[in-house]
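>
In the numbering used here, the protein residues as written are 412 to 517.
#1: Output the distance between the C-alpha atoms of residue 465 and residue 446, rounded to the nearest integer angstrom.
#2: Would you call the segment 482-501 and the segment 423-438 in contact, with 3 or more CB pairs under 8 Å?
#3: Using CA atoms only, rank isn't needed, just tell me which of 442, 436, 438 is closest to residue 499.
#4: Using the Cβ count rule (16 or more neighbours within 10 Å means buried), how would you classify residue 431?
#5: Can you have a look at residue 448 and say buried or exposed, based on whether 16 or more other CB atoms are within 10 angstroms of its CB?
#6: Compute every distance between the C-beta of residue 506 and the non-hydrogen atoms of the ligand ADP, then say whether any falls below 7 Å.
#7: Straight-line CA distance for residue 509 to residue 460?
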């Protein structure tokens, strides 16, 4: 096999092909991580603070959430969808946020 002496010519040999395979695996893993679009599903009882959590997340990350205030958020009646764009390396990727209303019926 292809082996190379390192450390100024000492007798310690390194398998170059194993290192190349490891680097390729790491690169593929990085690329996959950049392509993933995360999904967040928020579930809970009625009045438990699901919408408040989503709005806090959106506001904190620079999204379109509300910054708080005196009025309570409107209750979610069924399924609500929002998204947040986050930087992943040089690309923007969306994080999908799904909130299921906490009532007993839809």
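All C-beta atoms, glycine included, are put in the ideal place defined by N, C-alpha and C.
Just so it is clear, the structure is predicted and the values come from calculations on it, not from any experiment.
Based on what the coordinates show:
#1: Their backbone Cα atoms lie some 23 Å apart in a straight line.
#2: Taking 8 Å as the limit for Cβ pairs, the verdict is that the segment 423-438 does not touch the segment 482-501.
#3: Of the listed residues, the one whose Cα sits closest to residue 499 is 442.
#4: Flag for residue 431 reads exposed.
#5: Classification for residue 448: exposed.
#6: For the ligand ADP, the structure offers nothing, since it holds no ligand at all.
#7: Answer to the nearest angstrom: the Cα atoms are 14 Å apart.
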